[in-house]
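**Student:** Residue numbers (the UniProt record's numbering), protein chains in the order written: chain W, 1 to 225; chain Z, 1 to 225. Backbone N, C-alpha and C define an ideal beta-carbon position, used for all residues, glycine too. This structure is a prediction, so every number in the text was calculated from the model and none was measured. Starting off with a structure, shown below.
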DNA sequence: CAGTCTCATATTGTTGACAATTCTGCAATC
DNA sequence: GATTGCAGAATTGTCAACAATATGAGACTG
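Written out as structure tokens, the structure is:
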């Protein structure tokens, strides 16, 4: 009842992140500090911190003296993120094949199982969280802090990109492809695992509409501004 | 004379970064907000922002209710950073070989020339800035925002690691190896370029004392604390 | 003498108010 | 009628004071 000190910075970040990933917050929308402070029932300072984190994650763009806006990733940026993901995640999977413990495998399989449940019950929120979480869990399992942080950034940006450019109705990252990757890792088959990962990422990217056409109106406005 | 609003956040970040890279600020030292506010003649709020950025770059560690301290990267973290660098920078160089313009090459060669000057005149500050800057320039030339940001983080951490674990008196990243890499890129020889880059990074890492022994005292103190 | 508890001090975290900047609507002018 | 200039409103940026928390010294006790 007496929520003395509202949600933490991290909680605010996650709520905003989810709102963006669920397309409830559209790119270009301004996130006014006072307004958000009222919504979350916290001071503006904490909102500012949350916005700074969201900017670091690439989800919002902060313009000095103007405010924070939900980012509009360009097609180029979208391709860029997926290019880096192909490189990094291939490296992640390769390293995992060489040093994966039974406990690690159990965690991975449990995660995929959760994904299956979420997909079966069609719980959008869970599907979004878990499909990104799988790739994050892979990076975490490697044990490299830096790789984990990098993947965190990539996944955040991917979520935004997916929200903006998703073409099909289905959500990306079906659990089946994830399961196959896990089993390839379990078999220490680096070759198959990296191939499956590359294929999986191509599949996800192919479900996006990254034709340059969509950007024309945007570019027009940018050119005239 | 009337410095109305002191240095910007970014300027403060750079000064602290350089102080750490030059070993004038040792790992473990606490960066007290009020003290820094007095030094830079700005308010604590701006110092807090700068510290947040430095934490994101991995140079300082913020402990809630305790304060900000210059990070002490562990041997494991150091190896981790160089592992990721090997992967990422190989990718950078490979991509550059496929799409490098004459203007790009000129920028790269100019940069190497500056490095030579700094080395010849033994200007430590410039040597540190430029040697990291070369790798950053490579990433920037690729044209991938994400890759650039990632390299920025990696270089920041590498600077700290070098400051902590450097064994030799010489500074790393001699301009000669950089020049060789540039020429391989100019020749569009991806094979040689990636090989040279890998060799260069191994060389830099080999000049560090990453034997596990050094950590014993550290662990001891940590254990007793 | 060792250990523990308490209190003073120093440092961070937060809040609210104020200053600077930008946007918007309206009116005056060409 | 369109454009420019201006004033008011709204929003962000900054600051200084206050509250919460951790540290360390010193006294007290077993």
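Are the region 125–140 of chain W and the region 67–80 of chain Z in contact at 8 Å, needing three or more beta carbon pairs?
**Tutor:** Segments in contact, no.
**Student:** DSSP three-state call for residue 90 (chain Z): helix, strand or coil?
**Tutor:** In the second chain, counting from the first residue as 1, residue 90 (chain Z) sits at position 90. Correct three-state label for residue 90 (chain Z): helix.
**Student:** Apart from the five residues on each side of it in sequence, which residues of its chain come closer than 6 Å, Cβ to Cβ, to residue 144 (chain W)?
**Tutor:** Within the first chain, the letter at position 144 stands for residue 144 (chain W). Same-chain partners within the cutoff: there are none.
**Student:** So which residues of chain W does residue 191 (chain Z) contact, with C-beta pairs closer than 9 Å?
**Tutor:** As a first step, residue 191 (chain Z) is located in the second chain; it is residue number 191 there, counting from the start. Under the 9 Å cutoff, chain W gives no residues; its nearest Cβ is about 18 Å from residue 191 (chain Z).
**Student:** Which two residues bound the contiguous alpha helix (DSSP H) that contains residue 164 (chain Z)?
**Tutor:** In the second chain, the residue the question calls residue 164 (chain Z) occupies position 164. Counting along the chain, the alpha helix (DSSP H) containing residue 164 (chain Z) begins and ends at 145–165.
**Student:** Indicate whether at least one CB of chain W lies closer than 9 Å to the CB of residue 59 (chain Z).
**Tutor:** Within the second chain, residue 59 (chain Z) is the residue found at index 59, counting from 1. Not one chain W Cβ lies under 9 Å of residue 59 (chain Z).
**Student:** Note down, one range per segment and in chain order, each alpha helix (DSSP H) of at least 4 residues found wholly within the region 56–123 of chain W.
**Tutor:** Complete alpha helix (DSSP H) runs here, min 4: 75–98 and 102–121.
**Student:** What residues of chain Z sit near residue 81 (chain W), judged by a beta carbon separation below 8 Å?
**Tutor:** Looking up residue 81 (chain W) in the first chain gives position 81. Per Cβ cutoff of 8 Å: 146.
**Student:** Quick check: the Cα distance between residue 206 (chain Z) and residue 115 (chain Z), rounded to an integer number of angstroms?
**Tutor:** In the second chain, residue 206 (chain Z) corresponds to position 206, counting from 1. In the second chain, residue 115 (chain Z) corresponds to position 115, counting from 1. Their Cα atoms are separated by approximately 21 Å.
**Student:** Give me whichever residues DSSP pairs with residue 30 (chain Z) in a beta bridge.
**Tutor:** As a first step, residue 30 (chain Z) is located in the second chain; it is residue number 30 there, counting from the start. Beta-bridge pairing links residue 30 (chain Z) to Z:69.
**Student:** What residues of chain W sit near residue 164 (chain Z), judged by a beta carbon separation below 8 Å?
**Tutor:** Mapped onto the second chain, residue 164 (chain Z) falls at position 164. Residues of chain W passing the Cβ test: none, with the nearest at roughly 16 Å.
**Student:** Considering only their Cβ atoms, is the gap separating residue 186 (chain Z) from residue 130 (chain Z) smaller than 9 Å?
**Tutor:** Residue mapping note: residue 130 (chain Z) aligns to position 130 of the second chain, counting from 1. Residue mapping note: residue 186 (chain Z) aligns to position 186 of the second chain, counting from 1. No; because the gap between Cβ atoms is not below 9 Å, this pair is not in contact.
**Student:** Tell me the DSSP secondary structure of residue 208 (chain Z) in three-state form.
**Tutor:** In the second chain, counting from the first residue as 1, residue 208 (chain Z) sits at position 208. Three-state result, residue 208 (chain Z): strand.
**Student:** Could you please give the first and the last residue of the uninterrupted alpha helix (DSSP H) stretch that includes residue 235 (chain W)?
**Tutor:** It is not possible to answer for residue 235 (chain W), since the shown part of chain W is limited to 1 through 225.
**Student:** Between which residues of its own chain and residue 222 (chain W) is the CB-CB distance below 7 Å, once the five residues before and five after are set aside?
**Tutor:** On the first chain, position 222 is the one that residue 222 (chain W) refers to. Confidence is the limiting factor: at residue 222 (chain W) the pLDDT is only 42, short of 50, which leaves the residue's position unreliable, though a coordinate-based value still follows. Within the same chain, residue 222 (chain W) has no close Cβ partners at all.
**Student:** Looking at chain W, is there any beta carbon in it that lies within less than 9 Å of the beta carbon of residue 184 (chain Z)?
**Tutor:** What you label residue 184 (chain Z) is simply residue 184 of the second chain in a count that begins at 1. So, not an interface residue.
**Student:** CA-CA distance, residue 158 (chain W) and residue 60 (chain W)?
**Tutor:** Position 158 of the first chain holds residue 158 (chain W). Position 60 of the first chain holds residue 60 (chain W). Approximately 13 Å between the Cα atoms of the pair.
**Student:** Kindly list, in the order they appear in chain W, the residues whose Cβ is closer than 7 Å to that of residue 56 (chain Z).
**Tutor:** Residue numbering aside, residue 56 (chain Z) sits at position 56 when the second chain is read from its first letter. Result: 56.
**Student:** Taking only the alpha-carbon atoms, compute the straight-line gap between residue 42 (chain W) and residue 53 (chain W) and give it to the nearest angstrom.
**Tutor:** On the first chain, position 42 is the one that residue 42 (chain W) refers to. On the first chain, position 53 is the one that residue 53 (chain W) refers to. Roughly 16 Å between the two C-alpha positions.
**Student:** Quick one: residues in its chain with C-beta nearer than 8 Å to the C-beta of residue 67 (chain Z), no 5 flanking neighbours on either side, listed in chain order?
**Tutor:** Here residue 67 (chain Z) refers to the residue found at position 67 when the second chain is read from its first residue. Only 30, 31, 32 and 33 meet the Cβ criterion.
**Student:** Measuring straight from C-alpha to C-alpha, what distance separates residue 58 (chain Z) and residue 149 (chain W)?
**Tutor:** The count along the second chain starts at 1 and reaches residue 58 (chain Z) at position 58. The count along the first chain starts at 1 and reaches residue 149 (chain W) at position 149. Those two C-alpha atoms are separated by around 11 Å.
**Student:** Can you name the start and end residues of the alpha helix (DSSP H) that residue 19 (chain W) belongs to?
**Tutor:** Here residue 19 (chain W) is taken as the residue at index 19 of the first chain, counted from 1. 9–21 is the extent of the alpha helix (DSSP H) around residue 19 (chain W).
**Student:** Reducing DSSP to helix, strand and coil, say where residue 24 (chain Z) ends up.
**Tutor:** Here residue 24 (chain Z) is taken as the residue at index 24 of the second chain, counted from 1. Coil.
**Student:** Taking only beta-carbon positions, decide if residue 215 (chain W) is within less than 9 Å of chain Z.
**Tutor:** Numbered from 1 along the first chain, position 215 holds the residue referred to as residue 215 (chain W). Because residue 215 (chain W) sits at a pLDDT of 45, beneath the cut-off of 50, its placement in the model cannot be relied upon, and the point is left open.
**Student:** Pop quiz: residue 125 (chain Z) and residue 18 (chain Z) are said to be a contact at Cβ under 8 Å. What is the actual Cβ separation, rounded to whole angstroms?
**Tutor:** Taking the first residue of the second chain as 1, we reach residue 125 (chain Z) at position 125. Taking the first residue of the second chain as 1, we reach residue 18 (chain Z) at position 18. Indeed, because the Cβ distance is near 7 Å, the residues count as touching under 8 Å.
**Student:** Just tell me which of Z:167, Z:182 and Z:16 has its CA closest to the CA of residue 210 (chain Z).
**Tutor:** Stepping through the second chain from its first residue, residue 210 (chain Z) is reached at position 210. Residue 210 (chain Z) has its Cα closest to that of Z:167, out of Z:167, Z:182 and Z:16.
**Student:** With 7 Å as the C-beta to C-beta threshold (strictly closer), list the residues of the region 40–55 of chain W near chain Z in chain order.
**Tutor:** Correct list: 52.
**Student:** Taking Cβ positions only, does residue 153 (chain Z) come closer than 9 Å to chain W?
**Tutor:** As a position in the second chain, residue 153 (chain Z) is number 153, starting the count at 1. At least one chain W Cβ lies under 9 Å of residue 153 (chain Z).
**Student:** Let me see if you follow: with CB-CB separation under 9 Å, is residue 66 (chain Z) close to chain W or not?
**Tutor:** Taking the first residue of the second chain as 1, we reach residue 66 (chain Z) at position 66. By this cut-off, residue 66 (chain Z) is not an interface position.
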